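Engineer:
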Amino acid sequence: MPSKRILLLGGTAEAADLARRLAETLAAPDGVIVSLAGLVKPRRPLPCPMRVGGFGGVEGLETYLQNEEIGLVVDATHPFAATISAHARQACDRTRIPRLTLARPPWTAGPGDAWQEVESFEGAAAALSDRAQRALLALGRRRLTVFAGLTGIRFTVRLLEHDRHKPSHCRDSVYVVNRPLFQKDRADSRENSAPRSGFDFSRSALAAPADPLPLADYEVITGHPPYSLEEERRLMQEKRIDTLVIKQSGGAAGQAKLTAARELGVHVILVARPEAEPGECVATADEALAWITGSARPSRILASKSGHPFPGRRM
Ligand SMILES: NC(=O)c1ccc[n+]([C@@H]2O[C@H](COP(=O)([O-])OP(=O)(O)OC[C@H]3O[C@@H](n4cnc5c(N)ncnc54)[C@H](OP(=O)(O)O)[C@@H]3O)[C@@H](O)[C@H]2O)c1
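Using the numbering used here, read the sequence shown as starting at 103 and increasing by one per residue.
Right, here's the structure in full:
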């Protein structure tokens with residue numbers, strides 16, 4: 103167990119889970135600091151100090167690690183959050199601070215699944231143009247421009263509420279929360295309880311996004327993940343979806359859309375993950391806790407960026 107503080111880079115369910123487990127385990131209540139970019143907030147309060155907003159690149163993170171006397175960095179960010187993971191590796195290498203990656207395994211296809219894995223978002227657009235008439239895009243809004251040239255496809259675009267607007271740089275909104283989130287803090291000033299999950303099929307939820315999307319023919323639907331199997335089934339049926347396009351994110355919370363697609367015979371295009379940063383890596387919050395408390399070694403060491411991090415495993 104490191105005597106200095108732990109910086110937990112979060113933004114995922116696994117990171118929130120680990121934060122809660124660490125808070126129960128660590129002797130000092132402020133022994134772990136959770137860092138969020140500020141786009142996604144935890145669904146439930148976290149029982150440890152938190153900071154929100156970018157660090158200002160590798161140098162900013164390096165300075166932060168030194169100023170806050172961080173003894174361990176746990177990178178539990180989303181598998182597609184490649185920039186912050188690269189920054190964490192570089193800053194830890196330079197400061198010689200140990201780093202552990204918590205990365206959930208990717209999904210793997212089972213019997214009855216019709217999956218097509220592509221290497222890039224551009225590959226997903228090419229695959230779509232070959233076959234789709236009604237596609238569900240559940241990718242966030244950042245990479246939608248690659249689908250801009252596609253005609254003859256009706257897109258249903260699923261976004262988080264904050265994604266309805268073009269992203270602003272999170273560095274503008276750095277702030278620190280030194281007590282359990284969120285009841286009175288700025289981070290949650292708009293609502294005191296966790297948002298309910300599911301889609302809102304009401305008129306307001308289906309309204310055009312504040313910033314238009316670069317697609318020829320589309321409608322937007324917003325919701326609060328995780329979505330249940332019933333919700334995923336209903337969405338795909340109501341919109342008569344023939345193709346689902348998603349990132350190879352992995353994780354139990356996103357599994358329902360894949361199950362619904364299999365049941366309904368919907369073709370699935372998965373965009374492969376960016377290469378993981380090399381280093382010590384675990385797959386679950388339990389494994390991370392065991393590693394941090396010294397009771398277990400990592401389940402896997404990523405030797406190079408080209409290595410496939412996990413054996414095939416169904417979530
Ligand atoms: N990408 C996804 O599909 C996805 C899905 C679900 C959740 N998330 C979560 O959302 C956050 C942003 O994702 P992204 O894809 O935009 O990341 P990204 O492209 O890797 O990072 C962009 C910048 O955001 C800041 N940042 C990202 N994660 C941060 C964190 N945990 N704490 C402090 N600063 C952070 C850093 O700014 P500076 O350079 O200024 O330090 C980073 O350079 C991540 O924390 C991730 O876990 C991402």
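Note that CB positions come from ideal geometry on N, CA and C, so glycine has one too.
Please read all numbers here as calculations on a predicted model, not as lab measurements.
Do Q350 and R375 have their C-beta atoms within less than 8 Å of each other?
Structural biologist: Going by C-beta atoms, Q350 is nearer than 8 Å to R375.
Engineer: Can at least three beta-carbon pairs, one atom from the region 137–146 and one from the region 111–127, be found at a separation below 8 Å?
Structural biologist: In short, these stretches touch, since the Cβ pair count reaches three.
Engineer: Can you name, in chain order, every residue of its own chain whose Cβ lies under 8 Å from the Cβ of L167, other than the five neighbours on each side?
Structural biologist: Within the same chain, L167 has close Cβ partners L109, V175, A193, C194, T197 and I199.
Engineer: Are there any heavy atoms of ligand 1 lying less than 7 Å away from the beta-carbon of F157, as far as the coordinates show?
Structural biologist: Within the cutoff, so yes.
Engineer: Say whether the region 214–221 touches the region 313–331, bearing in mind that this needs 3 or more beta-carbon pairs closer than 8 Å, one atom from each stretch.
Structural biologist: Not touching, per the Cβ criterion.
Engineer: So, for L261: in the same chain, excluding its five sequence neighbours on each side, which residues have a beta-carbon less than 8 Å away from its beta-carbon?
Structural biologist: The answer, listed in chain order, is G242, R243, P311, V322, I323 and T324.
Engineer: Whose C-beta lies closer than 7 Å to the C-beta of G352 among residues of the same chain, with five residues either side of it excluded?
Structural biologist: Same-chain partners within the cutoff: P181, R206, P207, P208, W209 and M417.
Engineer: Based on the DSSP output, what are the partners of E321 in its beta bridges?
Structural biologist: According to DSSP, E321 bridges with T258.
Engineer: Going by alpha carbons, who is nearest to R245 out of L128, I348 and T361?
Structural biologist: Measuring from the Cα of R245, the nearest candidate turns out to be I348.
Engineer: How many whole angstroms separate the CB atoms of A237 and F257, which I take to be in contact at a CB cut-off of 8 Å?
Structural biologist: Going by Cβ atoms, the distance from A237 to F257 rounds to 6 Å, so yes, they are a contact pair.
Engineer: Going by alpha carbons, who is nearest to L163 out of A190, A118 and G133?
Structural biologist: Residue A190 is the option with its Cα nearest to L163.
Engineer: Helix, strand or coil for W393, going by three-state DSSP, please let me know.
Structural biologist: W393 falls in the helix class under three-state DSSP.
Engineer: If you check the beta carbons only, do T391 and T179 fall under 8 Å apart?
Structural biologist: In the sequence as presented, Thr is not what sits at residue 391; that position holds Leu. Result no, Cβ atoms of L391 and T179 do not sit closer than 8 Å.
Engineer: By DSSP, does A229 sit in helix, in strand, or in coil?
Structural biologist: The answer is helix: DSSP assigns A229 an H, G or I state.
Engineer: Let me make sure I understand the geometry here. Which of E170, E161, T165 and G158 has the alpha-carbon closest to that of P151?
Structural biologist: If we check each option's Cα against that of P151, E170 comes out closest.
Engineer: Grab me the residues of K106's own chain with a C-beta within less than 7 Å of its C-beta, minus the 5 sequence neighbours each way, in chain order.
Structural biologist: E171, I172 and G173.
Engineer: For S351, which three-state DSSP category applies?
Structural biologist: Three-state result, S351: coil.
Engineer: Let's see if you can read the secondary structure: which residues bound the alpha helix (DSSP H) around E161?
Structural biologist: It spans G159 to N169 - the alpha helix (DSSP H) in which E161 sits, taken as one unbroken run.
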